[in-house]
Amino acid sequence: RTPWKKLPTTDAGGLHLTSFIFGRKGTRDLQYSSVSLNFTTSQREGLILWLGKAEDEDNDFLGVGLTNGSLKIVVNLGEGISVPLIHSKQSLCCNIWHFITIAQNQTSIKVYLDENLVLFEDTDPQGKYIALNYGGICYFGGFELGRKVNMVTSGLFSQELVGKIKDVVLFQDSKKIQLIKAEGYNVYNGDNQD
């Protein structure tokens, strides 16, 4: 069985691995980041992933989600938010599984959707800010109870993800992240996967 995160269809929750801290934080090269995962959703809006502290607008972050059914990537490497990257050639709702990979190499961002390169952008051609100082924190699907996605992301994303996330691999690790209830809430086993 592959573990997955099931997100409820109510406004009360979302998939959350709050304050997920990576044990090798001190040894990772912050100039290079990658994350891949499978997700499905019934909605056209939703936060899929937020790497970063999410405390204030000055924090570095990498955000991935849906806006109007389109894949949206937002990045802040230290000097404010770059222009959001949006892939609008394919609608990503309707309970279909999609595989995404986001790779950050200093200021370059590559986004793969279902194994096809769909976005490639240099967010800071001058190379002034090249590291994603995410603080070892990763959120999936939303934030802690009481923290609304639209408020925390300053409107970059409007709501938590209503759907499922599975097969999460961070930083080209050889193992998938084990999504377990002890590290979040609204975490379920994959017994009834669709």
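Going by full-length UniProt numbering, the letters in the sequence shown line up with residues 1 to 194, in that order.
Ideal placement from N, C-alpha and C gives every residue a C-beta, glycine not left out.
Asked: Euclidean distance between Cα positions of Gln126 and Cys94; Found: 40 Å
Asked: Opening and closing residue of the beta strand (DSSP E) in which Asn105 lies; Found: His98 to Asn105
Asked: Distance between Leu119 and Ile86 (C-alpha atoms, nearest Å); Found: 8 Å
Asked: Exposure label - Ser154; buried when at least 16 CB within 10 Å; Found: exposed
Asked: Counted within 10 angstroms of its Cβ, other Cβ atoms place Lys166 as buried (16 or more) or exposed; Found: buried
Asked: Same chain only: Cβ atoms within 8 Å of Asn150, ignoring 5 sequence neighbours per side; Found: Phe157, Ser158 and Gln159
Asked: Cα-Cα separation, Tyr32 to Ser82; Found: 17 Å
Asked: Nearest-angstrom Cα separation, counted from Asn105 out to Ser34; Found: 9 Å
Asked: Residue from Phe99, Gly65 and Glu55 with nearest C-alpha to Arg147; Found: Glu55
Asked: Distance between Lys110 and Trp50 (C-alpha atoms, nearest Å); Found: 16 Å
Asked: Candidates Ser91, Gly63 and Asn68, of which the one nearest Ala103 by Cα; Found: Gly63
Asked: Buried/exposed call for Gln90, threshold 16 Cβ in 10 Å; Found: exposed
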